[in-house]
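So the sequence shown is residues 292 to 543, counted in this note's numbering.
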Amino acid sequence: METILVREEPPIEWIILNRPDKLNSINVKMLDEIGSVLRQIVNNDKIKVIIFTGSGKAFSAGADISQFKELDPVKAWEFATKGRELMDYIERYPKPTIAMINGYALGGGLELALSCDLRIASQNVELGLPEINLGIYPGFGGTQRLVRLIGKGRALEIIMLGDRIKADYAERIGLVNRVVESSSLEKEVRELALKLAEKPQTAIRLIKTVVNYGNDGPILSGLTLESLGWGIAFATEEEKKRVDEFLSKRSK
Ligand SMILES: CCCCC/C=C/C(=O)SCCNC(=O)CCNC(=O)[C@H](O)C(C)(C)COP(=O)(O)OP(=O)(O)OC[C@H]1O[C@@H](n2cnc3c(N)ncnc32)[C@H](O)[C@@H]1OP(=O)(O)O
Numbered sequence: 292m293e294t295i296l297v298r299e300e301p302p303i304e305w306i307i308l309n310r311p312d313k314l315n316s317i318n319v320k321m322l323d324e325i326g327s328v329l330r331q332i333v334n335n336d337k338i339k340v341i342i343f344t345g346s347g348k349a350f351s352a353g354a355d356i357s358q359f360k361e362l363d364p365v366k367a368w369e370f371a372t373k374g375r376e377l378m379d380y381i382e383r384y385p386k387p388t389i390a391m392i393n394g395y396a397l398g399g400g401l402e403l404a405l406s407c408d409l410r411i412a413s414q415n416v417e418l419g420l421p422e423i424n425l426g427i428y429p430g431f432g433g434t435q436r437l438v439r440l441i442g443k444g445r446a447l448e449i450i451m452l453g454d455r456i457k458a459d460y461a462e463r464i465g466l467v468n469r470v471v472e473s474s475s476l477e478k479e480v481r482e483l484a485l486k487l488a489e490k491p492q493t494a495i496r497l498i499k500t501v502v503n504y505g506n507d508g509p510i511l512s513g514l515t516l517e518s519l520g521w522g523i524a525f526a527t528e529e530e531k532k533r534v535d536e537f538l539s540k541r542s543k
């Protein structure tokens, strides 16, 4: 791999964006390499949680602006689509994903974090969607995911002004799940990942499916999907085992 480091530490797979001299800006090669690793491990039952982070002082400063000069409108559309489709894949990935935000998460870098299930940031980070300052706007799904995550008013403020925001404000508006001290970021994220890895994996997968596919249409469709998934959970050994354990403790 040229642009990422992969650390297999079952049940965790670390995907580390690794262009630190360019603040881990995202080029086509990086999109390909991330997609390829995710496809390789999708059926590996030993890997239960994916953590994305960055080398050096950034999570990622966004799409690689140096590639923009080569883009005509069709190529720009293709680049945006390629990135956006990877983010869609990450959002719907059957294993839980965490963005461990260790520094700047800007533009396409923040959009990668938005496609993850959980975002944990260190105190010193700055987040934002500064594309407006280049005369463009987020193209890896940010216009849609940010609105759904924090609401239209705050999302429009972030997208239209392009300002960088600090970790405490990001936590207050729900853009990140939690802010932790920089020195304990990795430890806390690892603990969170291990906790997720101990949960029944089919139920986790059902939750992701119901939440991701159920929230974009009419509420009755989402509710129906919830009921269907709820039924499927009863086909799993984990459900039987955990319910039996609970009931046998109570009956003693
Ligand atoms: C085509 C589909 C696109 C889909 C949608 C996505 C769009 C985007 O993401 S557009 C990019 C949005 N991001 C930005 O506008 C941030 C740009 N970077 C910065 O503003 C600053 O680098 C900084 C505030 C994040 C950090 O400043 P500083 O600490 O002063 O570090 P440097 O500016 O010196 O950066 C070090 C090194 O990294 C290169 N670099 C930084 N960001 C990018 C980037 N997004 N693309 C390419 N290269 C980047 C920077 O040029 C420096 O490299 P050298 O000049 O070779 O030292």
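Just so it is clear, CB atoms sit at the ideal spot from N, CA and C, and this is done for glycine as well.
Only a predicted model underlies this, so the values are computations on that prediction, with no experimental measurement involved.
Buried or exposed: where does residue i fall if 16 or more other Cβ atoms within 10 Å of its Cβ makes it buried?
| i | result |
| --- | --- |
| S406 | buried |
| M321 | buried |
| A526 | exposed |
| G388 | The question names Gly, yet the displayed sequence has Thr at residue 388. With 16 or more other Cβ atoms within 10 Å, it is buried. |
| R469 | exposed |
| E544 | The chain is shown only over 292 to 543; residue 544 falls outside these bounds and no answer can be derived. |
| S539 | exposed |
| L514 | exposed |
| S518 | exposed |
| G522 | exposed |
Name the residue from the options whose alpha carbon lies nearest to the alpha carbon of residue i.
| i | options | result |
| --- | --- | --- |
| A396 | A524, A488, G347, L329 | G347 |
| N335 | S473, D323, E299 | E299 |
| E293 | E324, S316, I303 | E324 |
| I423 | V365, M451, V416, V319 | M451 |
| D408 | I449, N393, K386, G345 | K386 |
| V467 | W521, R455, L418 | L418 |
| L485 | R330, K373, I338, N318 | I338 |
| T344 | N315, W368, L516, R455 | N315 |
| R533 | E489, G353, E482 | E489 |
Flag this pair as yes or no: are the beta carbons of residue i and residue j separated by less than 8 Å?
| i | j | result |
| --- | --- | --- |
| I411 | V471 | yes |
| R383 | N309 | no |
| M391 | L476 | yes |
| V328 | I306 | yes |
| F370 | L362 | yes |
| V480 | I342 | yes |
| K366 | V319 | no |
| S512 | G505 | yes |
Nearest-angstrom Cα distance between residue i and residue j?
| i | j | result |
| --- | --- | --- |
| Q358 | G326 | 20 Å |
| E462 | S542 | 43 Å |
| K457 | N415 | 7 Å |
| P421 | I464 | 18 Å |
| Q435 | R445 | 13 Å |
| G508 | D312 | 42 Å |
| S473 | G453 | 25 Å |
| T493 | K360 | 45 Å |
| D355 | W368 | 15 Å |
| P301 | N393 | 22 Å |
| E376 | I317 | 14 Å |
| L487 | E304 | 13 Å |
| G330 | E448 | The identity of residue 330 in the sequence shown is Arg, whereas the question assumes Gly. In a straight line, the C-alpha of R330 is about 35 Å away from that of E448. |
| S413 | L483 | 14 Å |
| E536 | A524 | 16 Å |
| G398 | I510 | 31 Å |
| I381 | V297 | 16 Å |
| A352 | L425 | 14 Å |
| D459 | K478 | 20 Å |
| L437 | L516 | 24 Å |
Please determine whether the Cβ atom of residue i lies at a distance below 7 Å from any heavy atom of ligand 2.
| i | result |
| --- | --- |
| D454 | Of the ligands one can find in the structure shown, namely ligand 1, none is ligand 2. |
Original post:
Should the segment 425–432 be called in touch with the segment 396–407, which here means at least 3 C-beta pairs below 8 Å?
Top reply: yes
Subject >> Meets three-Cβ-pair contact criterion under 8 Å: the segment 434–442 and the segment 486–500 >> reply: Put simply, the segment 434–442 does not touch the segment 486–500. Fewer than three CB pairs are less than 8 Å apart.
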